[in-house]
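Q: This is the structure I have questions about; it appears just below.
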Amino acid sequence: MVELEQKGNFVKGVFTFTEEVKNDYKIDVVEKVEGIISNGRAILRSVEVTAIQGGQKINYLPNNFEVYLVSENKLVGSTYDSENVCGVFTMERK
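Residues in the sequence shown are numbered from 1130 upward in steps of one, following this note's numbering.
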């Protein structure tokens, strides 16, 4: 789930998601982000992160996000952390 608030070119909000590797691990993550919107994309950085695995709070590296609005109801993006672990995602409005 994503909740974003935009004022001019500045955007801030919260990404809530589950990182999961089937039959290995599952982590519930909440990241507060802020950044800018320019040329049809949002560049966001994590300013606070909370991660829960197996009911316990764990350390989780903050992410940077590059997000594109591809339609009125769909976001597509990529994310990477300080160890250059990268992921891609698609989010649709319900």
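Just so it is clear, CB atoms sit at the ideal spot from N, CA and C, and this is done for glycine as well.
1) Let me know the secondary structure DSSP gives residue 1223 once reduced to three states.
2) Can you give me the Cβ contacts of residue 1143 inside the same chain, cut-off strictly under 6 angstroms, excluding the 5 residues immediately before and after it?
3) Which one of 1193, 1184, 1208, 1219 has the shortest CA to CA distance from residue 1200?
4) Is there contact here, the stretch 1148 to 1155 with the stretch 1171 to 1179, by at least three beta-carbon pairs under 8 angstroms?
5) Sorted by chain position, which residues of the same chain lie with C-beta nearer than 6 angstroms to residue 1175's C-beta, five sequence neighbours on each side aside?
A: From the atom records:
1) In the structure shown, residue 1223 falls within a coil segment according to DSSP collapsed to helix, strand and coil.
2) The answer, listed in chain order, is 1132, 1161.
3) When each option's Cα is compared against that of residue 1200, the closest is 1219.
4) The answer is no - the stretch 1171 to 1179 does not touch the stretch 1148 to 1155, with fewer than three Cβ pairs under 8 angstroms.
5) Closer than 6 angstroms at the Cβ level, and outside the excluded window around residue 1175, lie 1160, 1162, 1191, 1192.
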